[in-house]
Amino acid sequence: MINSTKNEKTIGITGASGALGKELTKLFRQKGYKVIGFTHSKTNYEINLESPNEWIKWECGKESSLKKQLEKIDILILNHGIYDLSRENSNYENSIEINALSKFKFLNLFEDIALSNDSLIKKEIWINTSEAEILPALNPSYEISKSLIGQLVSFKKNLLDKNTKKKLIIKKIILGPFKSELNPIGIMSPKFVSKKIYDLANSKNYLVIISPNPLTYILFPLKEFFNFLYCQIIYNYKS
Numbered sequence: 013m014i015n016s017t018k019n020e021k022t023i024g025i026t027g028a029s030g031a032l033g034k035e036l037t038k039l040f041r042q043k044g045y046k047v048i049g050f051t052h053s054k055t056n057y058e059i060n061l062e063s064p065n066e067w068i069k070w071e072c073g074k075e076s077s078l079k080k081q082l083e084k085i086d087i088l089i090l091n092h093g094i095y096d097l098s099r100e101n102s103n104y105e106n107s108i109e110i111n112a113l114s115k116f117k118f119l120n121l122f123e124d125i126a127l128s129n130d131s132l133i134k135k136e137i138w139i140n141t142s143e144a145e146i147l148p149a150l151n152p153s154y155e156i157s158k159s160l161i162g163q164l165v166s167f168k169k170n171l172l173d174k175n176t177k178k179k180l181i182i183k184k185i186i187l188g189p190f191k192s193e194l195n196p197i198g199i200m201s202p203k204f205v206s207k208k209i210y211d212l213a214n215s216k217n218y219l220v221i222i223s224p225n226p227l228t229y230i231l232f233p234l235k236e237f238f239n240f241l242y243c244q245i246i247y248n249y250k251s
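Add 12 to a position in the sequence shown, counting from 1, and you land on the number used in this note's numbering.
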């Protein structure tokens with residue numbers, strides 16, 4: 013949670029070179045945080061007042077190599093992803109790898125780091141998913157990958173043990189369509205979305221929903237509630 017100790021905290025943002033990543037970076041820098049930006053791009057990015065304090069290049073599938081960099085981070089925002097409309101089989105593989113499995117690897121790695129952390133300040137990880145978890149996005153591969161990461165995060169959150177809960181906070185960010193290179197016809201602006209993320213993530217709520225669609229505010233809490241019940245039933249049965 014964002015609080016008065018902000019100047020002591022470091023924010024990590026994946027997809028930092030994208031539209032939303034840039035706006036999140038600007039906002040956190042303006043608020044006085046140190047920002048580490050993770051990017052796939054091979055371009056050499058400049059360091060200025062609106063950029064991350066530090067850039068780190070990485071590749072999907074090699075998340076474990078980032079352990080040392082992630083150890084310095086207090087709040088990790090998983091914001092990377094693709095929206096590929098091609099019909100190639102590789103499109104599904106890439107979407108699942110980048111939008112879902114990569115984020116889950118980050119989550120597991122950051123959990124391990126949090127458990128080995130001796131600080132009294134909890135680590136936080138915010139996972140950017142999408143309405144496409146359960147609502148149409150006119151892109152089957154995108155919908156499948158978002159549904160997968162959504163379920164993985166829900167199960168992970170519901171099955172955390174007491175010790176892990178003392179060390180790690182998980183937040184799921186459900187976003188509606190916003191303008192970016194991936195979605196030029198998005199309704200919301202990245203600047204608006206970044207401000208809402210900053211404001212809402214300061215609450216104790218696990219779900220952070222930002223969408224112009226009123227159905228999202230009804231369906232997603234219901235989905236998470238039934239996931240919670242399911243996990244409780246399974247856990248109690250096995251116990």
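Glycine included, every Cβ here is placed at the ideal spot set by N, Cα and C.
> Along the chain, which unbroken stretches of the beta strand (DSSP E) at least 3 residues long are found entirely within the segment 152 to 240?
Replying inline: 180 to 187, 219 to 222
> Among the residues of its own chain, which have a CB less than 6 Å from the CB of Ile89, if the five just before and after it don't count?
Replying inline: Ile25, Trp138
> What is the DSSP secondary structure of Thr37, reduced to helix, strand or coil?
Replying inline: helix
> Comparing alpha-carbon positions, which option in Ser128, Lys183, Glu58, Asp96 lies nearest Lys115?
Replying inline: Lys183
> Which of the three DSSP states, helix, strand or coil, is assigned to Leu90?
Replying inline: strand
> Out of curiosity, what's the CA-to-CA distance linking Pro224 and Leu147?
Replying inline: 13 Å
> Closest to Lys158 by CA distance: which of Glu143, Lys168, Asn170 is it?
Replying inline: Glu143
> From Phe240 to Lys117, what does the alpha carbon distance come to, in whole angstroms?
Replying inline: 22 Å
> Just to confirm, are Glu164 and Ala126 a CB contact at a threshold of 8 Å?
Replying inline: With the sequence shown as reference, residue 164 is identified as Leu, and Glu is not the correct amino acid for it. It is not a contact, given that the beta carbons lie outside the stated cut-off.
> To which residues of the same chain is Lys235 closer than 7 Å at the C-beta, ignoring the five residues directly before and after it?
Replying inline: Ile146
> Where DSSP assigns a beta bridge to Asn140, which residues make up the other side?
Replying inline: Ile185
>> Cutting at 6 Å between CB atoms, please list the residues of its own chain near Phe190, excluding the five before and the five after it.
In response: Gly198, Met200, Pro202, Val205
>> Please report the distance separating the alpha-carbon of Ser153 from that of Lys84.
In response: 34 Å
>> Going by DSSP, what residue range makes up the alpha helix (DSSP H) through Glu105?
In response: 101 to 107
> When the Cα atoms are used, what is the spatial distance from Ile59 to Trp70?
Replying inline: 18 Å
>> Among the candidates Glu109, Leu194, Tyr247, whose CA atom is the shortest distance from the CA of Ile156?
In response: Glu109
> Is Ile59 helix, strand or coil by DSSP?
Replying inline: coil
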